[in-house]
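Residues in the sequence shown are numbered from 1238 upward in steps of one, following this note's numbering.
Just so it is clear, CB atoms sit at the ideal spot from N, CA and C, and this is done for glycine as well.
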Amino acid sequence: MENFEDRINQILLGAAVVSLAIGLYKEGFPTGLIEGTSIAIALVIIVSVTSVNNYISEKRLAELVALSDK
1238 MENFEDRINQ
1248 ILLGAAVVSL
1258 AIGLYKEGFP
1268 TGLIEGTSIA
1278 IALVIIVSVT
1288 SVNNYISEKR
1298 LAELVALSDK
């Protein structure tokens, strides 16, 4: 959830919702989902990569702290 504290991710989430709503209103069900879904997929990729990087960083930091205690 800390990924959504980033302003860019909030903007992307809003853009995905608005794009889905406008696309469905203007073009109908199958075609109207393309742009909004693309933005949502990009957001999922960004959040996933950021989460994995944060996890790896925190794990390495914990290992360093454990080594410094010795």
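query, result
"Same chain, Cβ closer than 7 angstroms to Ala1349, neighbours up to 5 away in sequence not counted", "It is not possible to answer for residue 1349, since the shown part of the chain is limited to 1238 through 1307."
"Simplified DSSP state of Asp1306, which is helix, strand or coil", "helix"
"For Gly1265, three-class secondary structure by DSSP", "coil"
"Sub-9 angstroms separation of Gly1251 and Ile1259 beta-carbons", "no"
"CB contact flag (Ile1283, Leu1249, <9 angstroms)", "yes"
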